[in-house]
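Each remark here refers to the structure printed beneath this line.
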Amino acid sequence: MCGIIAYTGKQQVMPILLDGLKRLEYRGYDSTGISIVSRKKIKTTKAAGKLNVLESKLQSEITGHCGIGHTRWATHGAPTDDNAHPHTDTDNRIAVVHNGIIENVDALKAMLDPKCEFKSQTDSEVIAHLLATHSGDLMTAVRDTLSLIVGTYGLAVIDQQNPDTIIIARNGSPVIIGVGDNEMLAASDMAALSRYTNQVVHLDDGEIAKLTPNGFDVVTMDSTVAHKEAMTLNNTNANYDRGGHPHYLYREIIDQPDTVKQTLSGRLDERFSTARLGGLNLEARDLIGVKRIIILGCGSAYYAGLAGASMIESLARIPVSAEPAAEFRYRNPVIEQDTLYIVVSQSGETFDTLASLREVRRKGGFVLGIVNSVGSTIAREVDGGIYMHAGPEVSVASTKAYTGMLTAFSLLALLLGRTRDVSPQQGNRIISELKELPDKISQVLAIEPEIAKIASKYKHSQSAFYIGRTNGYPIALEGAQKLKEISYIHAEAYPASELKHGPLALVTDQTPCVVILPNDDLLPKTISSMEEIKARGGPVIALTSAEGAPADRIAKLADHVISVPDANELTLPAIMGVALQLLAYHSAVSLGRDVDQPRNLAKSVTVE
Ligand code: G6P
Numbered sequence: 028m029c030g031i032i033a034y035t036g037k038q039q040v041m042p043i044l045l046d047g048l049k050r051l052e053y054r055g056y057d058s059t060g061i062s063i064v065s066r067k068k069i070k071t072t073k074a075a076g077k078l079n080v081l082e083s084k085l086q087s088e089i090t091g092h093c094g095i096g097h098t099r100w101a102t103h104g105a106p107t108d109d110n111a112h113p114h115t116d117t118d119n120r121i122a123v124v125h126n127g128i129i130e131n132v133d134a135l136k137a138m139l140d141p142k143c144e145f146k147s148q149t150d151s152e153v154i155a156h157l158l159a160t161h162s163g164d165l166m167t168a169v170r171d172t173l174s175l176i177v178g179t180y181g182l183a184v185i186d187q188q189n190p191d192t193i194i195i196a197r198n199g200s201p202v203i204i205g206v207g208d209n210e211m212l213a214a215s216d217m218a219a220l221s222r223y224t225n226q227v228v229h230l231d232d233g234e235i236a237k238l239t240p241n242g243f244d245v246v247t248m249d250s251t252v253a254h255k256e257a258m259t260l261n262n263t264n265a266n267y268d269r270g271g272h273p274h275y276l277y278r279e280i281i282d283q284p285d286t287v288k289q290t291l292s293g294r295l296d297e298r299f300s301t302a303r304l305g306g307l308n309l310e311a312r313d314l315i316g317v318k319r320i321i322i323l324g325c326g327s328a329y330y331a332g333l334a335g336a337s338m339i340e341s342l343a344r345i346p347v348s349a350e351p352a353a354e355f356r357y358r359n360p361v362i363e364q365d366t367l368y369i370v371v372s373q374s375g376e377t378f379d380t381l382a383s384l385r386e387v388r389r390k391g392g393f394v395l396g397i398v399n400s401v402g403s404t405i406a407r408e409v410d411g412g413i414y415m416h417a418g419p420e421v422s423v424a425s426t427k428a429y430t431g432m433l434t435a436f437s438l439l440a441l442l443l444g445r446t447r448d449v450s451p452q453q454g455n456r457i458i459s460e461l462k463e464l465p466d467k468i469s470q471v472l473a474i475e476p477e478i479a480k481i482a483s484k485y486k487h488s489q490s491a492f493y494i495g496r497t498n499g500y501p502i503a504l505e506g507a508q509k510l511k512e513i514s515y516i517h518a519e520a521y522p523a524s525e526l527k528h529g530p531l532a533l534v535t536d537q538t539p540c541v542v543i544l545p546n547d548d549l550l551p552k553t554i555s556s557m558e559e560i561k562a563r564g565g566p567v568i569a570l571t572s573a574e575g576a577p578a579d580r581i582a583k584l585a586d587h588v589i590s591v592p593d594a595n596e597l598t599l600p601a602i603m604g605v606a607l608q609l610l611a612y613h614s615a616v617s618l619g620r621d622v623d624q625p626r627n628l629a630k631s632v633t634v635e
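So the sequence shown is numbered by the working numbering: it starts at 28 and just counts up by one.
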């Protein structure tokens, strides 16, 4: 959600800012802008729209070695040229890029000279005007200004009077320093830094840093010096791209056999028929004391949590529930010592998920993280966890990270199950299933042409329904989520049992229904739900792992069948999930949608 990039050093800054913005565009993409200190003056160029609009507007004669850039996801004010960041003061001395929300913006404006001219409708612009009321040391000016702000920020500031200095600050929205050789960078996430350095320093909330080409100093809001060591990050992802495919999303879907292997790598313990998850920081003795599990996340991470809840509950026989992270934290939850809390997040930066983690820890709860982004804020603040190792995910709609979450949950379910009723023999069977998962996903990818045909047939539908029963319901939820996010077809998921209690009123011959039919004990019941839809003339797309006679019955009733390999309850959500990702992808492509950057959405939502 909004991206920040900043650079000071010997190189020409404009190409570095543009490259950084390109890598951050997935965080928000409704407007972009850069400010450069050029011949001791701040030169700012901003444009509504995507980065290519800014590029066409930029004048190549703007040269300089210090600058800041921003890609925006609008909160206050529509996506216009004026509302794009950076924002400057009236004299154009100072430029600011800001992620987050300033809650007391009206009170801050009232503190300014009434003649002060605001050029935008954003909350962020007030920071530039407040900074301009200070003369002298820029770091002190930023600290004094921030002490007035109520709200969240990730911030970068330049001032023409300090032409090689950048001040950055963090409170609730990530900022990372990239330490180079006689050059310093800062960004809202690693993606923008990894081409230039693997030495990074994460700012913590309440910290302010001064960057010059020769180094950085970090202080806290009360001016205490913070001694921060740079950490070395693995940079193998620095050149991650579409891999020759038309969209990141497509690459991320077809990469899944490999990414699942990465999540499983080194974690299957065949000797003791269990999972090896050293990062949990929990011994078997701790695990056996867990009486209940609560899983928290947003969007697809929440849906992965619902699927994970079923997996753990069925194997470990512990009550498990999943909740949207923001709902949880705002209902003043009861935190219990023998409950294990798990936060799930691809980016490790989602504001609501982070806030729920902090709320639980503040009340004394133990929190594990299932996170993709190494070194992210959530990864650093949890008590232990599981990295997905799915690699970068750039497309806004989550695919391989979602599957990584499911895979991590299946490992956790196995581990917890083995501390309880799961026998070594059953543990070994589960391990075999998990080892087969990459190959089963490849089998689903092989039927892509059939799925693409179905997508093309229903692409003009106004609405689509997804139904599933128990374990099938989270699969339906994520399937509907994928379709609505990227194709903009209205898609809703319902438990199959709820169909007759309302949603059936909406079923017509114009509303395709995707019915999730795992080969389980409830299959006959879900087939009955399918009959209810057919009786109302609704076209049925059956997604099933059934074989034999039930498969024949499904084939007779359904208009289309997407047949996937049979699997257990731990791996079926991932296998079926991939088929539904392909269905959504081909619907979006055939409608000419902006698949990687769907309207109104952002990949990493770091505001409330
Ligand atoms: C945004 C994205 C979703 C994602 C959710 C949670 O809404 O558009 O695709 O599932 O954030 O993101 P996280 O990084 O916490 O998994």
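Virtual Cβ for every residue (Gly too), placed ideally from N, Cα, C.
Under a three-way DSSP split, which group does P346 fall into?
-> In this structure, DSSP gives P346 a state outside helix and strand, which the three-state scheme calls coil.
With DSSP run on the structure shown, which of helix, strand or coil describes M258?
-> strand
Starting from V387, follow the alpha helix (DSSP H) in both directions and report where the run begins and ends.
-> F378 to R389
Give, in chain order, every unbroken run of the beta strand (DSSP E) that is at least 3 residues long and sits entirely within the region 522-575.
-> 540-544 and 567-571
Residue interval of the alpha helix (DSSP H) (run including M603) | Looking at the DSSP string, the run of the alpha helix (DSSP H) that includes M603 is L599 to S617.
Taking one C-beta from the region 283-303 and one from the region 460-477 each time, how about it: are there three or more such pairs within less than 8 Å?
-> yes
Should V401 be listed as close to ligand 1, given that the test is whether its C-beta is under 7 Å from any heavy atom?
-> It does not: the Cβ of V401 is nowhere closer than 7 Å to a heavy atom of ligand 1.
Reduced DSSP secondary structure (H/G/I, E/B, other) of L367 | strand
Could you tell me whether any non-hydrogen atom of ligand 1 is closer than 7 Å to the CB of G96?
-> no
How many angstroms separate the CA atom of K484 from the CA atom of A349?
-> 35 Å
Using alpha carbons as the reference points, say which of T247, A606 and F243 lies closest to E256.
-> F243
How many Å lie between A523 and L438 at the Cα?
-> 28 Å
Buried versus exposed call for N498 [16 or more other C-beta atoms within 10 Å across all chains shown] | Buried.
Same chain, Cβ closer than 6 Å to G392, neighbours up to 5 away in sequence not counted | I362 and Y368
If you measure from the CB of T380, is any heavy atom of ligand 1 nearer than 7 Å?
-> At least one heavy atom of ligand 1 is nearer than 7 Å to the Cβ of T380, so yes.
May I ask you to check if the CB of G326 is nearer than 7 Å to at least one heavy atom of ligand 1?
-> yes
Could you tell me which of M217, P240, K511 and L441 sits nearest to L618, measuring between CA atoms?
-> When each option's Cα is compared against that of L618, the closest is K511.
Looking at the unbroken beta strand (DSSP E) that takes in Y493, where does it start and where does it end?
-> S490 to G495
Sufficient close CB pairs (3 or more, under 8 Å) joining the region 297-304 to the region 329-346 = Two segments are said to touch when three or more pairs of C-beta atoms, one from each, lie closer than 8 Å; by this definition the region 297-304 does not touch the region 329-346.
Residue span of the alpha helix (DSSP H) that contains G506, given as start and end = G499 to S514
Would you kindly work out how many angstroms separate the C-alpha atoms of A611 and E52, rounded to a whole number?
-> 22 Å
Are H92 and Q39 closer than 8 Å when you measure CB to CB?
-> yes
CA nearest to the CA of L381, picked from C325, G418 and K427 | C325
T657 - containing beta strand (DSSP E), residue span | Any question about residue 657 goes unanswered here, given that the chain covers just 28 to 635.
Proximal residues to H161 (C-beta, below 8 Å), its chain only, five neighbours per side dropped | T167, A168, D171 and T172
beta-carbon S631 near ligand 1 non-hydrogen atom, thresh 7 Å = Yes; taking the cut-off as 7 Å, the Cβ of S631 has a heavy atom of ligand 1 nearer than that.
For the alpha helix (DSSP H) that contains T434, what are its first and last residues?
-> K427 to R445
Residue from T538, A503 and L504 with nearest C-alpha to H487 = T538
Go through its chain and collect everything with a Cβ distance to K70's Cβ below 6 Å, but skip five positions before and after it.
-> I63 and I89
Local Cβ density within 10 Å of A473, reported as buried at 16 or more and exposed below that | A473 is exposed by the Cβ-count criterion.
Could you tell me whether the Cβ atoms of V421 and Y275 are closer together than 8 Å?
-> Y275 is positioned such that its CB atom lies closer than 8 Å to that of V421.
Look at the alpha carbon of N627 and the alpha carbon of K77, and state the distance between them as a whole number of angstroms.
-> 13 Å
Locate the alpha helix (DSSP H) running through K484, then write down its first and last residues.
-> E475 to Y485
Where N79 falls: helix, strand or coil (DSSP) | helix
Would you report the Cα separation of G207 and I543, rounded to the nearest angstrom?
-> 51 Å
Run the CB neighbour count on K49, radius 10 Å, all protein chains shown included, and call it buried at 16 or more, exposed below.
-> buried
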